[in-house]
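Heads up: the sequence shown begins at -14 in our numbering, then just goes up one per residue.
Even glycine gets a Cβ: it sits at the ideal position worked out from N, Cα and C.
The structure presented is a predicted model; accordingly, all values stated were derived computationally and were not measured.
Encoded as structure tokens, the structure appears first; notes follow it.
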Amino acid sequence: MNCPRCKSKETSVIDSRLAEDGRAVRRRRECTKCEHRFTTYERQELSSLIVVKRDKTSEPYSRTKLERGIWLSCTKRPVTQEQVGEMLNKLEEKWGANKKEVSSSTIGTDLMNALKKIDQVAYIRFASVHREFKDVDEFKEAMNKLL
């Protein structure tokens, strides 16, 4: 693991613990060169899960790509890393249960429903991208459903 500060490859693990209800391992590391301490997480890779996109192309599932979109929706909102992580863990279990493929529309709909429970503004932001609102009327309709 490279040090985020000095980019040295010489790091050592100081402490390891289970995290996210046993779905990840949290490791405290220290750079032997600059003595900077940092945290890493190891998660089981869902590499066997394939996402089928709207245009019928497919690609491997990427939690990082999904998290990036979620955090864009949650910008300047009172949403915590723990809430997002827990939400994704539950959804990944659902999507990966005895399935090899999941559609991007299923992922988007499940994320919208989960975000609605966490933060309604983040939900509307995510929905506006996922549903591809064409005009203000579609946006108003989504807002009215919330109210």
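- Counting only the Cα atoms, residue 18 lies some 43 Å from residue 89.
- Within the model, the alpha-carbon separation for residue 80 versus residue 128 is close to 28 Å.
- Residue pairing for residue 9: DSSP places it in a beta bridge opposite 4, 28.
- Contact between the segment 57 to 76 and the segment 97 to 117 is established, with three or more Cβ pairs separated by less than 8 Å.
- Taking C-alpha positions only, residue -10 is separated from residue 1 by approximately 21 Å.
- The DSSP assignment places 86 to 88 as complete runs of the beta strand (DSSP E) inside the segment 58 to 114, in order along the chain (cut-off: 3 residues).
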